[in-house]
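Engineer: Residue numbers (the numbering used here): 3 to 322.
Every residue, glycine too, gets a C-beta built ideally from N, C-alpha and C.
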Amino acid sequence: MLIFAVSFFQETATSWGFFGHKKINRMAVFTLPPEMIKFYKKNIEYLTEHAVDPDKRRYAVEGEAPRHYIDIDHYVHTGDDPFEVVPKKWYDAVDKFSEDTLQAYGIVPWHVNVMVKRLTKAFEDKDVDRILSVSADLGHYIGDSHVPLHTTENYNGQLTGQRGIHGFWESRLPELKAINYNFFVGRAEYVENILDDEWETVQESFNAKDSVLDLERKLNNEFPTDQKYSHENRGASLVKTYSEEYSTAYHNMMNGMVERRLTSSIITVGSYWYTAWVNSGQPNLNELLEKGPSKKLEQENLELDKTYRSSKIKGREHSD
Ligand SMILES: [Zn+2]
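#1: Within 10 angstroms of its Cβ, does His79 collect 16 or more other Cβ (buried), or is it exposed?
#2: Along the beta strand (DSSP E) that carries Glu234, what are the first and last residues, could you check?
#3: Taking 8 Å as the cut-off, is the beta-carbon of Pro56 closer than that to any non-hydrogen atom of ligand 1?
#4: Cβ-heavy atom distance between His148 and ligand 1 below 8 Å?
#5: Measuring only from the beta carbon, is Gly258 closer than 8 Å to any heavy atom that is part of ligand 2?
#6: Please go through the same chain and pick out, in chain order, the residues whose beta-carbon is closer than 7 Å to the beta-carbon of Lys44, but skip the five residues on each side of it.
#7: Just to confirm the assignment, what range does the beta strand (DSSP E) spanning Thr103 have?
#8: Tell me which residue opens and which closes the beta strand (DSSP E) that Ser239 is part of.
#9: By Cβ distance below 6 Å, which residues in the same chain neighbour Ala15 in space, the five residues on each side in sequence not counted?
#10: Quick one: does the C-beta of Arg189 sit closer than 8 Å to a heavy atom of ligand 1?
#11: Which first and last residues belong to the alpha helix (DSSP H) in which Trp275 is found?
#12: Between the alpha carbons of Phe6 and Arg236, how many angstroms are there, rounded?
#13: Which term fits Gly19, buried or exposed, when burial requires 16 or more other beta carbons within 10 angstroms of its beta carbon?
#14: Report back the beta-carbon spacing between Asp73 and Tyr107 to the nearest angstrom; my notes put them in contact at under 8 Å.
#15: Counting only runs that start and end within the segment 114-164, where is the beta strand (DSSP E) found for 3 or more residues in a row?
#16: Please report the straight-line C-alpha distance between Leu217 and Met256, rounded to a whole angstrom.
#17: Of the choices Asn286, Glu302, His253, whose alpha-carbon is the least far from that of Ile39?
#18: Residues in its own chain within less than 6 Å of Ile196 by CB, not counting five upstream and five downstream?
#19: Within this structure, are the beta carbons of Leu264 and His148 separated by less than 9 Å?
#20: Is it a yes or a no for the segment 27-41 touching the segment 174-194, going by three-plus beta-carbon pairs under 8 Å?
#21: Using a threshold of 8 Å, is the CB atom of His142 nearer than that to any non-hydrogen atom of ligand 1?
#22: For the segment 120-136 against the segment 273-283, do three or more pairs of beta-carbon atoms, one drawn from each stretch, fall closer than 8 Å, so that the two count as touching?
#23: Compare the Cα-Cα distances from Thr122 to each of Gln229, Tyr276, Ala67 and report the closest residue.
#24: Within 10 angstroms of its Cβ, does Ser267 collect 16 or more other Cβ (buried), or is it exposed?
#25: Using alpha carbons as the reference points, say which of Val214, Glu300, Ser273 lies closest to Met259.
#26: Which complete beta strand (DSSP E) runs does the segment 158-217 hold, if anything under 3 residues is left out?
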């Protein structure tokens with residue numbers, strides 16, 4: 003007798019899926035000015051591959067999870083503007099709500115700001131390992147903050163009977179549709195105030211989250227129930243996922259939103275890398291072309307992968 007492990011793929015995927023995050027970091031390289039692009043191109047495989055390290059770290063590192071989101075609607079009653087209520091500056095927000103509360107409901111905009119400062123320092127030190135690892139991580143967090151469902155307590159539709167919508171929007175749709183997206187996003191630009199800019203991103207994401215949820219609910223009510231899901235082979239598992247027909251219908255209803263958030267992530271990643279480099283005094287990166295990631299960094303990455311794989315296997319035992 004054959005026994006299939008049926009798991010719901012969307013439940014286990016996190017943030018833009020691995021596909022989306024890798025795409026964002028990779029394409030961001032091509033937005034960079036001539037002084038930066040050689041170094042970044044030479045290391046493009048590293049930046050692509052490690053675009054997903056922060057998600058792997060969620061299993062291994064305490065305090066990692068809240069860096070990926072902010073449940074901004076936690077702070078207000080429905081209808082009130084959370085961006086009026088939550089202070090933009092970290093210490094003001096800590097004064098108002100306490101650090102424990104902020105950590106409990108997510109810190110992505112502040113963490114992006116911290117990462118840009120770390121990248122600036124890495125450029126000042128001409129520290130290749132740090133430039134690469136922080137660039138890759140920063141790209142990840144920027145990508146996350148562009149995802150509407152990373153800004154709400156109802157992040158997986160669990161409060162509205164739409165469980166699974168998180169991975170549907172950010173993994174399934176880009177995997178199916180990105181082939182038709184236009185990835186020519188222009189050139190990286192200097193950003194005067196990273197924190198303000200990042201808060202704008204979070205606000206745009208939050209403004210889009212009602213459409214993300216409402217349109218899926220509408221489609222769910224109209225669509226034949228028996229055609230909503232399909233089963234696909236992934237490795238040894240048979241996986242339940244949103245059918246292509248349902249995915250296409252939802253994607254059409256959103257009228258380009260996934261593409262806009264994905265491509266906006268790309269130009270933002272390029273612009274923040276560039277801004278860190280400018281703020282560090284524009285060091286000559288061509289002097290660093292001979293160096294790649296060190297053995298030490300590669301070893302650390304191998305260990306992260308090991309921890310991630312074993313925690314994933316454990317996680318699967320629970321969910322199946
Ligand atoms: Zn993430």
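Structural biologist: In short:
#1: With fewer than 16 other Cβ atoms within 10 Å, it is exposed.
#2: 231-236 is the extent of the beta strand (DSSP E) around Glu234.
#3: Proximity of the beta carbon of Pro56 to ligand 1 is indicated: a heavy atom of the ligand is located closer than 8 Å.
#4: Checking the 8 Å criterion, the Cβ of His148 is out of range of every heavy atom belonging to ligand 1.
#5: Of the ligands one can find in the structure shown, namely ligand 1, none is ligand 2.
#6: Hits under 7 Å: Leu291.
#7: No beta strand (DSSP E) contains Thr103, which is instead part of the alpha helix (DSSP H) from 101-107.
#8: Here the beta strand (DSSP E) through Ser239 covers 239-244.
#9: Bear in mind that the predicted position of Ala15 carries a pLDDT of just 45, short of 50, making it too unreliable to give a figure here.
#10: No, the Cβ of Arg189 stays beyond 8 Å of every heavy atom of ligand 1.
#11: Counting along the chain, the alpha helix (DSSP H) containing Trp275 begins and ends at 259-281.
#12: Note that Phe6 has pLDDT 44, beneath the 50 cutoff, so the model's placement of it is unreliable and no number is given.
#13: Buried is the call here.
#14: In this structure Asp73 is in contact with Tyr107, their Cβ atoms being roughly 4 Å apart against a cut-off of 8 Å.
#15: Fully enclosed beta strand (DSSP E) runs of 3 or longer: not present.
#16: Distance between the alpha carbons of Leu217 and Met256 is about 7 Å.
#17: Checking every option, the nearest Cα to that of Ile39 belongs to Asn286.
#18: Excluding positions up to five away in sequence, the list reads Asn115, Val118.
#19: In this structure, His148 lies closer than 9 Å to Leu264 by Cβ.
#20: Contact between the segment 27-41 and the segment 174-194 is present: three or more C-beta pairs spanning the two stretches fall below 8 Å.
#21: Yes - ligand 1 has a heavy atom lying nearer than 8 Å to the Cβ of His142.
#22: Output reads yes: the segment 273-283 touches the segment 120-136.
#23: For the residues Gln229, Tyr276, Ala67, the minimum Cα distance to Thr122 belongs to Tyr276.
#24: Buried, by the Cβ-count rule.
#25: Nearest C-alpha to Met259: Val214.
#26: Listed in chain order, there is nothing to give.
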